[in-house]
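Residue numbers (the numbering used here): 109 to 266.
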């Protein structure tokens with residue numbers, strides 16, 4: 109599924125991409141992260157207390173087990189959020205309006221308002237819900253993708 113995103117105009121043009129190192133029940137990203145890091149700067153989140161700290165990915169050898177058993181990068185901390193061109197965001201569920209349902213800890217709820225990137229939510233088709241209730245602080249994705257392609261009503265147009 110993620111291979112389809114490499115043809116997306118925003119992804120093609122991006123120099124820096126925020127990805128994630130997947131949990132077993134998420135869209136698998138490990139190989140994608142490794143491959144894309146050969147072409148672009150890749151940033152991965154690291155759980156630090158109640159926040160997500162962003163770090164540069166510099167290869168598998170620089171990963172260590174972090175919170176929740178997720179492999180996390182030990183590279184340089186990224187504080188210039190404006191340098192991130194595209195963010196690929198996981199979720200427990202999404203709707204066609206780009207609304208996201210997370211795991212309940214609010215990590216991405218706190219991170220997303222800081223980003224100026226083009227945000228693409230990724231999930232499996234069975235995770236697409238008719239409607240997700242939102243709060244005033246929720247930030248919808250610019251697009252949502254499943255293995256079937258873009259399912260969101262709002263889509264990138266050139």
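Idealized CB from N, CA, C, for every residue including glycine.
Within 8 Å, strictly: CB atoms of residue i and residue j
i: residue 210; j: residue 217; result: yes
i: residue 129; j: residue 178; result: yes
i: residue 174; j: residue 200; result: no
i: residue 170; j: residue 183; result: yes
i: residue 124; j: residue 151; result: yes
i: residue 208; j: residue 181; result: no
i: residue 160; j: residue 215; result: yes
Residues near residue i by beta carbon distance below 7 Å, same chain, minus five either side
i: residue 225; result: 126, 192, 193, 194 and 195
i: residue 122; result: 148, 193 and 194
i: residue 137; result: 110, 127, 128, 129 and 130
i: residue 243; result: none
Per-residue DSSP class, three states only, for residue i
i: residue 202; result: strand
i: residue 208; result: strand
i: residue 223; result: coil
i: residue 110; result: helix
i: residue 251; result: strand
Close beta carbons around residue i, own chain, < 8 Å, minus the five adjacent residues each side
i: residue 109; result: 135, 230, 253, 254 and 255
i: residue 245; result: 217 and 221
i: residue 141; result: 127, 129, 150, 152 and 165
Beta-carbon contacts of residue i that lie in its chain and below 6 Å, excluding the five residues immediately before and after
i: residue 250; result: 226 and 227
i: residue 260; result: 204, 206, 251 and 252
i: residue 213; result: none
i: residue 145; result: 165
i: residue 119; result: 113 and 194
Residue i to residue j span [Cα, whole Å]
i: residue 198; j: residue 258; result: 14 Å
i: residue 188; j: residue 238; result: 35 Å
i: residue 190; j: residue 223; result: 7 Å
i: residue 235; j: residue 176; result: 21 Å
i: residue 262; j: residue 247; result: 14 Å
i: residue 232; j: residue 240; result: 16 Å
i: residue 117; j: residue 172; result: 33 Å
i: residue 133; j: residue 143; result: 21 Å
Heavy atom of the ligand MN within 7 Å of residue i beta-carbon
i: residue 154; result: For the ligand MN, the structure offers nothing, since it holds no ligand at all.
Inset, instruction - Let me know the beta strand (DSSP E) ranges lying completely inside the region 133-190, each 3 residues or longer, listed in chain order. - result: 149-156, 159-164, 171-173 and 179-181
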